[in-house]
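Trainee: Taken in sequence, the protein lines are chains P and X. Numbering of the first sequence is given in this note's numbering, commencing with residue 40 and proceeding in unit increments. Numbering of the second sequence is given in this note's numbering, commencing with residue 40 and proceeding in unit increments. The beta carbon of each residue, even a glycine, is placed where N, CA and C say it ideally should be. Since we're looking at a predicted model, the values are computed, not measured.
Number of protein chains: 2
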Amino acid sequence: MQTELQAELKQTRPFRSPLEELFVSLQRTAAVFEHSLECALKPSGITATQYNVLRILRGAGDAGLCRSEVGERMVRRVPDVTRLLDRLEDTGYIARARGGDDRRYVTTRITPAGLEALTSIDAVVDGFLRTHLGHLTEEQTRTLVDLLSVLRHTR
Amino acid sequence: MQTELQAELKQTRPFRSPLEELFVSLQRTAAVFEHSLECALKPSGITATQYNVLRILRGAGDAGLCRSEVGERMVRRVPDVTRLLDRLEDTGYIARARGGDDRRYVTTRITPAGLEALTSIDAVVDGFLRTHLGHLTEEQTRTLVDLLSVLRHTR
DNA sequence: CGACAATGCGTGTTTAAACATCTATTGTGA
DNA sequence: TCACAATAGATGTTTAAACACGCATTGTCG
Numbered sequence: 040m041q042t043e044l045q046a047e048l049k050q051t052r053p054f055r056s057p058l059e060e061l062f063v064s065l066q067r068t069a070a071v072f073e074h075s076l077e078c079a080l081k082p083s084g085i086t087a088t089q090y091n092v093l094r095i096l097r098g099a100g101d102a103g104l105c106r107s108e109v110g111e112r113m114v115r116r117v118p119d120v121t122r123l124l125d126r127l128e129d130t131g132y133i134a135r136a137r138g139g140d141d142r143r144y145v146t147t148r149i150t151p152a153g154l155e156a157l158t159s160i161d162a163v164v165d166g167f168l169r170t171h172l173g174h175l176t177e178e179q180t181r182t183l184v185d186l187l188s189v190l191r192h193t194r
Numbered sequence: 040m041q042t043e044l045q046a047e048l049k050q051t052r053p054f055r056s057p058l059e060e061l062f063v064s065l066q067r068t069a070a071v072f073e074h075s076l077e078c079a080l081k082p083s084g085i086t087a088t089q090y091n092v093l094r095i096l097r098g099a100g101d102a103g104l105c106r107s108e109v110g111e112r113m114v115r116r117v118p119d120v121t122r123l124l125d126r127l128e129d130t131g132y133i134a135r136a137r138g139g140d141d142r143r144y145v146t147t148r149i150t151p152a153g154l155e156a157l158t159s160i161d162a163v164v165d166g167f168l169r170t171h172l173g174h175l176t177e178e179q180t181r182t183l184v185d186l187l188s189v190l191r192h193t194r
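(1) Report the CB separation of X:Ser-75 from X:His-171 in whole angstroms; it is logged as a contact under 8 Å.
(2) Less than 9 Å between CB atoms is the rule here; does X:Asp-161 satisfy it with respect to chain P?
(3) Measure the C-alpha to C-alpha separation of P:Glu-108 and X:Leu-127 and round it to an integer number of angstroms.
(4) Check the Cβ-Cβ distances between P:Leu-58 and every residue of chain X, and say whether any is below 9 Å.
(5) Which residues does DSSP list as the beta-bridge partners of X:Leu-35?
(6) Looking at chain P, is there any beta carbon in it that lies within less than 9 Å of the beta carbon of X:Met-113?
(7) Using CA coordinates, which residue listed in P:Val-145, P:Val-114 and P:Leu-186 is at the minimum distance from X:Arg-181?
(8) Which of the residues in the region 161 to 176 of chain X, read from start to end, lie with their CB under 9 Å from any CB of chain P?
(9) Determine the direct distance from the alpha carbon of X:Pro-57 to that of X:Met-40, and round the result to whole angstroms.
(10) Out of P:Val-189, P:Ile-95, P:Asp-119 and P:Arg-112, state which residue places its alpha-carbon closest to the alpha-carbon of P:Leu-154.
(11) With a CB to CB cut of under 7 Å and the five nearest residues on each side skipped, what residues in its chain are close to P:Gly-139?
(12) Could you tell me whether any Cβ in chain X is nearer than 9 Å to the Cβ of P:Glu-73?
(13) So, at 6 Å on beta carbons, what are the nonlocal neighbours of P:Ser-83 in its own chain, with the 5 sequence-adjacent residues on each side left out?
(14) Looking only at DSSP bridge pairs, what is X:Ala-136 linked to?
(15) Cα separation between X:Thr-68 and P:Arg-115?
(16) Cutting at 8 Å between CB atoms, please list the residues of its own chain near X:Gly-131, excluding the five before and the five after it.
(17) Between X:Leu-175 and P:Val-189, is the Cβ-Cβ spacing less than 9 Å?
(18) On a Cα-Cα basis, can you pick out the residue from X:Arg-112, X:Leu-168 and X:Gly-98 that is closest to X:Glu-73?
(19) Would you mind sorting P:Glu-60 into buried or exposed? The rule is 16 or more other CB atoms within 10 Å of its CB.
So this is what it looks like as structure tokens:
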């Protein structure tokens, strides 16, 4: 008896353990939706990573955030936030200023252009979420979120 | 009331919808474990993507698989399987041969060295899985796998 | 049979990820 | 106070991801 995940990946052998099946299920599911989101965002000229940064900076408001704080808030950690912000600065969606008390810090803020772009992109993402994740019941959604939380926190 | 995911990402604003929380939970969880696995595999000199290919080719046995079939079986699809296989061929873990009936096809097979490496790497991965995913109950594991399956299959 | 589409794979190129290293600034303790 | 560690950020470099395009082989249909 083959699971549908095995059929999807054309696996000829059974999973070696339930944990292996869980890991593959998780990675496969995340990869599928990550790819779908990238495709949905492409017309907006932005990547999922950049979208994440814009969301973070909108949440930070006028105070903005420094480079390392942005990095700590990202869903997927990236090892080179500096050049990630460089690229977003080139698009005009964010602005950086080195005017604080501690002159090591560079405060990054979302610009009005970035806010405007983000508003329309949010609509795209909302549609994406409803289309691709909206078929679960409320209870299924809640259970899944809870179990993922349990999974992330060993012990 | 803030969820622990929000605390983890230092989110100041609530999720805009349960679906957004689900998506972020999924991506965050997958990213954390993907990173952990990469770290666990690093001493073996292999990436998670390469590990995936070796597993696929072991499953295929002596018959081997052509480039496109390998690509279709991967957990995360990559757009350049050719050079992915190039690199694995350089390590000696796989071998390619263009000797079939249809001369367009190139059959890729895992080598004895690849099989041997894979055996020891499997032990590493098993340890990784137990350490990082082994704290769920059997029922939680099963529920999670089932819900992820439902999630992947819209409608 | 012969033109042409389809398929399988390789190659070229651009961009970003990943890792190490470096500079500037600030904190700390003898 | 002054050496030195710690922190924040930038930079250099290598590698792989991503995308488009090209070549060779096979299938198909007039």
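Mentor: The relevant details are as follows:
(1) 6 Å
(2) yes
(3) 37 Å
(4) yes
(5) Residue 35 of chain X is absent from the structure shown; chain X starts at 40 and stops at 194.
(6) yes
(7) P:Leu-186
(8) Asp-161, Val-164, Asp-165, Phe-167, Leu-168, Arg-169, Thr-170, His-171, Leu-172, Gly-173, His-174 and Leu-175
(9) 15 Å
(10) P:Ile-95
(11) Thr-146
(12) yes
(13) Ile-160
(14) X:Thr-146
(15) 9 Å
(16) Thr-150, Ala-152 and Gly-153
(17) yes
(18) X:Leu-168
(19) buried
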